[in-house]
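Q:
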Amino acid sequence: MMNSSAFPSLALLMTLLAGTATAQHTSPPSLVWPPSPEKARIEYLYSLSGKADLGIEKSFFRKIWDFIVGSEDSEQRVVQPAGVAADIQGRIYVTDPGAHCVHVFDMNEKSYAQITETLSGTFSWPLGVAIGNDGRIFVSDALRKEIVVLSSDGKPIGSIRHDFERPTGIAIKGNKIYVVDTPLHKIAVFDLNGAFLFEFGKRGSSPGEFNFPIHVSGGTYLYVVDAMNHRVQVMSDSGTSLKQFGEVGNVTGTFASPKGIAVDKEGHVYVTDALFDNFQIFDPKGTILLSVGRSGNGQGEFQSPTGIFIGRQDDIYVVDSINRRVQVFRYLP
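If you're matching positions, the sequence shown starts at 1009 in my numbering and goes up one per residue.
1. Measure how close the beta-carbons of Gly1140 and Ala1179 come, nearest whole angstrom, since I'm counting them as under 8 Å.
2. Measure the CB-CB distance between Ser1057 and Val1086 and report whether it falls below 8 Å.
3. When we look at the beta-carbon of Lys1273 and count the other beta-carbons within 10 Å, is it buried (16 or more) or exposed?
4. Expressed to the nearest angstrom, what Euclidean distance is found between the alpha-carbon atoms of Lys1071 and His1193?
5. Decide if Glu1342 is buried, meaning its Cβ has at least 16 other Cβ atoms within 10 Å, or exposed.
6. Asp1322: which of Gly1306, Ser1038, Gly1182, Ile1050 sits nearest, CA to CA?
7. According to the Cβ coordinates, are Phe1290 and Leu1283 closer than 8 Å?
8. Pick helix, strand or coil for Leu1349, following the three-state DSSP scheme.
9. When the Cα atoms are used, what is the spatial distance from Gly1247 to Pro1215?
10. Alpha carbons only, please: which of Phe1317, Pro1313, Pro1292 is nearest the one belonging to Asn1331?
11. CB-CB under 6 Å to Gln1335, same chain, minus the five flanking residues each way: which ones, in chain order?
12. Quick check on Asp1142: buried or exposed, where buried means 16 or more other Cβ atoms within 10 Å of its Cβ?
13. Here's a check: name, in chain order, each residue in its chain whose Cβ is nearer than 7 Å to the Cβ of His1108, leaving out the five neighbours to either side.
14. For Gly1106, I'd like the list of residues in its chain whose CB is within less than 7 Å of its CB, leaving aside the five on either flank, ordered along the chain.
15. Assign Pro1341 to one of three DSSP states: helix, strand, or coil.
16. What does a CB cutoff of less than 6 Å around Pro1266 pick up in its chain, not counting 5 residues either side in sequence?
17. Just to confirm my understanding: we take Asp1095, look at its own chain, exclude 5 residues before and 5 after, and list those with CB closer than 7 Å. What are they?
18. Since Ser1055 sits in a beta bridge, which residues does DSSP pair it with?
19. CB Gly1294 to CB His1223, shorter than 8 Å?
20. By alpha-carbon positions, which one of Gln1241, Thr1190, Ile1168, Ser1167 ends up nearest to Thr1176?
21. Answer with buried or exposed for Asn1237, where buried requires no fewer than 16 other C-beta atoms within 10 angstroms of its C-beta.
22. Just how far apart, CA to CA, sit Lys1184 and Leu1200?
23. Quick check: does the Cβ of Arg1333 come within less than 7 Å of any heavy atom belonging to the ligand COA?
24. Considering only the beta carbon of each residue, do Leu1053 and Phe1337 sit closer than 8 Å?
25. Using the three-state DSSP reduction, which class does Pro1313 fall into: helix, strand or coil?
26. Just to confirm my understanding: we take Gln1307, look at its own chain, exclude 5 residues before and 5 after, and list those with CB closer than 6 Å. What are they?
27. If you follow the beta strand (DSSP E) that Gly1304 is in, where does it begin and where does it stop?
28. Anyone know if the C-beta pair for Ser1303 and Asp1285 falls short of 8 Å?
29. Could you check which residue in Ala1270, Gly1202, Tyr1186, Gly1315 has the C-alpha nearest to that of Ile1165?
30. With H, G and I counted as helix, E and B as strand and the rest as coil, what does DSSP make of Asn1286?
31. Mark Asp1149 as exposed unless 16 or more other C-beta atoms lie within 10 angstroms of its C-beta, in which case mark it buried.
32. Would a C-beta distance cut-off of 8 Å place Val1007 and Gly1315 closer than the cut-off?
33. For the beta strand (DSSP E) that Phe1113 lies in, which residues bound it at each end?
34. Taking C-beta to C-beta, are Ile1318 and Val1271 nearer than 8 Å?
35. Is the beta carbon of Ile1195 less than 8 Å from the beta carbon of Phe1208?
36. Alpha carbon to alpha carbon, how far is Asp1135 from Arg1333?
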């Protein structure tokens, strides 16, 4: 016979749930960089680690059920986030090789979904993500060695195949798709229909050469994280190296383990560094302006930040990999 004492009483559940419902929360002061009295340029907004962070209010009976049998929220959280992008509809896409999926957080509709399917199976190791002007979603899968193409509602509609070894970073600039192939030290270029156009790069340290490139971003020019050369290469759309900035070091303005890259509307270049546990901001000439973050798991703190994306309103999305979340900031022009 089942022992009823193994379950909490309904009265106790109602008391506990009512207590959580009436708890008062005060908003913390704004977290900005640089701190006062200097003019604030970057502001922390919020973080996302799972469905629960969307602020969806559960029904009273759903809370009781979750209290008794456990919540499904643990299955709707990021595990090992890598890349991030956002569309104009307010949806944030987070690639997650640990969960073999792409998480979709709809900030307007307050909904959450996972994309797991491609045309020929499930995601294996999704890393990079980019969104076209038509809403299509392009995801690089390093183990499948292809670019998975999804419709704007997340349905698999195609793929881009090439002699990839390990496609990682991906960016769309104009009418071209740029895909970083890290172990081959090059970038392959395709049109928006997936037809191969050309490629550039080889291993080395001279201008136009790479040593394990990892991420790419569009802006006025093409910006490539040349990871093991500890620099950013600024390139033309055709792959001609125009200039470089950065060097190996342990002080602000240098790089230890550069990962992601993005450019805001004013041409500032943002680079995450997985060893510095921050992102650094450079002007278009490559001069350091500001570093944001430090090691830790609090707001504005990081453990191995990787992907970064800047939206049209200069919202800054940073993948905080080991902390299993995406932190969102805003540039204050």
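For every residue, glycine included, the Cβ atom is placed at its ideal position computed from N, Cα and C.
A: Inspection of the coordinates gives the following:
1. With a Cβ gap of about 11 Å, Gly1140 and Ala1179 do not count as contacting.
2. Their beta carbons are under 8 Å apart, which means Ser1057 touches Val1086 by this criterion.
3. exposed
4. Model confidence at Lys1071 stands at a pLDDT of 49, short of 50, so the residue's coordinates are unreliable and nothing is read from them.
5. The structure shown does not extend to residue 1342, since the chain spans only 1009 to 1341, so no value can be given for it.
6. Ile1050
7. no
8. No answer is possible for residue 1349: the residues shown for the chain start at 1009 and end at 1341.
9. 11 Å
10. It is Pro1313 whose Cα lies nearest to the Cα of Asn1331.
11. Ser1055, Val1326, Asp1328, listed in sequence order.
12. Exposed, because fewer than 16 other Cβ atoms sit within 10 Å of the Cβ of Asp1142.
13. Thr1124, Thr1130, Phe1131, Ser1132
14. Val1087, Gln1088
15. coil
16. Val1233, Ala1235, Val1279, Asp1281
17. Within the same chain, Asp1095 has close Cβ partners Ile1139, Gly1143.
18. Gln1335
19. No, the pair does not count as a contact, with Cβ atoms beyond the cut-off.
20. Nearest Cα to Thr1176 within the set Gln1241, Thr1190, Ile1168, Ser1167: Thr1190.
21. buried
22. 6 Å
23. Within the structure as shown, the ligand COA is missing, as the structure has no ligands at all.
24. yes
25. Strand, per DSSP.
26. Leu1039, Tyr1052
27. Run containing Gly1304: none; DSSP gives neither H nor E here.
28. yes
29. When only C-alpha atoms are compared, the closest one is Gly1202.
30. strand
31. buried
32. Not covered by the structure: residue 1007. The range shown for the chain is 1009 to 1341.
33. Unbroken beta strand (DSSP E) run through Phe1113: 1109 to 1114.
34. Going by C-beta atoms, Ile1318 is nearer than 8 Å to Val1271.
35. yes
36. The question names Asp, but residue 1135 in the sequence shown is Leu. One C-alpha to the other measures close to 15 Å.
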